[in-house]
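**Q** Residue numbers (the numbering used here): 1 to 291. Got a structure for you, questions after.
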Ligand code: CP
Ligand code: NVA
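Below you can see the structure in the form of structure tokens.
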């Protein structure tokens, strides 16, 4: 069976723990693995990216492999070649395929036709690679994951869902605070939902922000900014969390919107470590997938 990572729920708790151990080891010794020696990995982007592209490209190089970045408009996919045929051809050339797209169904279709592992580099529904780096960051800060409380404050989106799903595997208790109309839908059994940011952050070890306007949501930007205005992460909200709580953000940030500059660049954030940890966590993931 070809292994894929479409939502992160493909991992059990032991595998996730081992992956995070490997990520720590690779952070300490970035050139210590040649898991992709002589092999290529395709990275298909149908949406913008700074961190995901950088961290995968640099990480694949560090593993001895070659990243091949493909934008949709460069592929025959954009001219009507099917997702399945694209997957079949890619499988003959590369060791794994990453995709950033909108519909989760498109990612699933690619995986179904691929003979090599497919991993999710962000869809409308999920962002599991982000959650892996977030758990690595949390574990580095607190020395454990089980029993930690994470409060996500904002739009109940792909990042919130992945934190809820992947956090649950690790035993992290995730609460998602969103205004009416923007609550996390679907997999909410894995998270506690509320519309009160203060209630969400009470006792939390980490308070997490994401953009109010995700890629693809631009047409509803004004309505989102007004509904989400009370869900900004500032020092006063962080003060309501557990002593020693940290602020997290997957980035890109809009200082003054979902997070204040004081928090984004302050002493309680671990946001820039989070951005770095994408590379280490994803290298550990690639090791697991191409094994
Ligand atoms: N956090 C994240 O995925 O960033 P990019 O959109 O820049 O890849
Ligand atoms: N929720 C955001 C995450 C960006 C990394 C989006 O989907 O645009």
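All C-beta atoms, glycine included, are put in the ideal place defined by N, C-alpha and C.
Please give me, in chain order, every unbroken run of the alpha helix (DSSP H) with length at least 4 that falls completely inside the region 8-88.
**A** Counting only runs of 4 or more, we get 13-28 and 51-62.
**Q** Residue range of the beta strand (DSSP E) that residue 98 falls in?
**A** Per DSSP, residue 98 belongs to the beta strand (DSSP E) from 96-100.
**Q** If distances are taken between C-alpha atoms only, which option among 18, 289 and 8 comes closest to residue 139?
**A** Closest option to residue 139, Cα to Cα, is 18.
**Q** Cα-Cα, which of 285, 287, 207 and 257 is closest to residue 271?
**A** That would be 207, whose Cα lies nearest to the Cα of residue 271.
**Q** Please state if the CB of residue 63 and the CB of residue 36 are separated by a distance shorter than 8 Å.
**A** Yes, the pair counts as a contact, with Cβ atoms nearer than the cut-off.
**Q** Return yes when at least one heavy atom of the ligand NVA lies under 7 Å from the C-beta of residue 334, else no.
**A** Nothing can be reported for residue 334: it is not among the residues displayed for the chain, which extend from 1 to 291.
**Q** Looking only at its chain, what residues have a beta carbon closer than 8 Å to the beta carbon of residue 261, apart from the 5 residues adjacent to it on each side?
**A** Contacts found: 255.
**Q** Suppose contacts are defined by Cβ-Cβ distances below 8 Å. Is residue 238 in contact with residue 247 by that definition?
**A** In this structure, residue 247 lies closer than 8 Å to residue 238 by Cβ.
**Q** How would you call residue 82, buried or exposed, if buried means at least 16 neighbouring beta carbons within 10 angstroms?
**A** Exposed, since its Cβ has fewer than 16 Cβ neighbours within 10 Å.
**Q** Could you work out which residue in 24, 50, 197 and 40 is closest to residue 275 when comparing CA atoms only?
**A** The shortest Cα separation from residue 275 among 24, 50, 197 and 40 belongs to 50.
**Q** Is the number of C-beta pairs between the region 120-136 and the region 66-73 that are closer than 8 Å three or more?
**A** The answer is no - the region 66-73 does not touch the region 120-136, with fewer than three Cβ pairs under 8 Å.
**Q** Look up residue 350 in the DSSP assignment and say whether it is helix, strand or coil.
**A** The shown model of the chain, from 1 to 291, leaves out residue 350, and the question about it has no answer.
**Q** At what residue ranges does the region 132-219 contain a whole run of the beta strand (DSSP E), taking only runs of 3 or more?
**A** Here the runs fully enclosed are 149-153, 173-177, 191-194 and 206-209.
**Q** Beta carbon of residue 289, beta carbon of residue 30: below 8 Å?
**A** Not a contact, by the Cβ cut-off of 8 Å.
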